[in-house]
Amino acid sequence: MDGAPAPHPAQALAAELRRRFAADQAARGARDWPAMDRVDAENTAWLKSAVAAGGWPRLADVGREGATHAWLLAQHADADPGFQEEALRLLTAAVAAGEALPEHQALLTDRVRVNAGQPQLYGTQYAGDPDSTRVRPHPIEDPERLDERRAAVGLEPHAVYDRRMRGG
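The numbering of the sequence shown is UniProt numbering, which starts it at 1 and goes up by one.
Structure (structure tokens):
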């Protein structure tokens, strides 16, 4: 024993979220599809277990960085749509309690809707065109009110986001 105190459970959770986020980003940065699938499966299983044991990671416990890491792990849990839906339900409740970020809820809402074949609400999910040289947003529900919905959750106007997504 080195005499150092054991990390507080919230600190340990934040550290594990940070580690798993780094693995997620490393696989994606390398464009290593098999590694991405493996990391996503491992992270999804771990996040499911962590959420079952202690609920959605709260801002008060893991901070903004940890909350972002938790959201991203759920965002990349596409192979388990049932868990993504549960994560969205828990994240939505955490946003209502001031313990999660509304923009994370918006991004996960769009991901869940697109994965279920529904139009997205916030215009955050894009797909590659068949020629793979360009991206386009998945269908958007009520596009006339898109920027109003985006502003309500702290997202930039869609035209700005769209330019960035298209590499402009």
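Using N, Cα and C, we set each Cβ at its ideal position, and we do this for glycine too.
Problem set entry | Per-residue DSSP class, three states only, for Pro81 | helix
Exercise. Measuring CA to CA, which of Ala10, Trp46, Val153 and Arg163 is closest to Gly98?
Worked result: Val153
Exercise. Can you tell me where the alpha helix (DSSP H) with Pro34 in it begins and where it stops?
Worked result: Trp33 to Gly54
Problem set entry | For Pro57, three-class secondary structure by DSSP | coil
For this session: Could you have a look at Val95 and say whether DSSP puts it in helix, strand or coil?
Result: helix
Problem set entry | Among Asp32, Gln105 and Pro157, nearest to Glu144 - alpha-carbon criterion | Pro157
Problem set entry | Within 8 Å, strictly: CB atoms of Leu91 and Ala100 | yes
For this session: Excluding the 5 residues preceding and the 5 following Arg28 in the sequence, name in chain order all residues of the same chain whose CB lies nearer than 7 Å to its CB.
Result: Met36
For this session: Tell me whether the beta-carbon of Leu108 lies closer than 8 Å to the beta-carbon of His69.
Result: no
Exercise. Under 8 Å, do Gln84 and Ala77 count as touching if we go by C-beta distance?
Worked result: yes
For this session: Please say whether Ala127 and Arg136 have beta carbons closer to each other than 8 Å?
Result: yes
Exercise. Leaving out the 5 sequence neighbours to the left and right, which residues in its chain are closer than 8 Å to Ala87 when beta-carbon positions are compared?
Worked result: Leu47, Val51, Trp56, Ala74, Ala77 and Leu108
Problem set entry | Residue from Gly123, Arg149 and Ala6 whose Cα sits closest to the Cα of Arg164 | Gly123
Exercise. Can the beta-carbon of Phe21 be found less than 8 Å from the beta-carbon of Leu72?
Worked result: yes
For this session: For residue 179, count neighbouring Cβ atoms within 10 angstroms of its own Cβ and tell me buried if that reaches 16, exposed if not.
Result: The chain is shown from 1 up to 168; residue 179 falls before or after that span and cannot be answered.
For this session: Quick one: grab the DSSP three-state call for Gln125.
Result: coil
Exercise. Thinking C-alpha only, which one of Asn115, Pro130, Ala116 and Glu65 is nearest His104?
Worked result: Glu65
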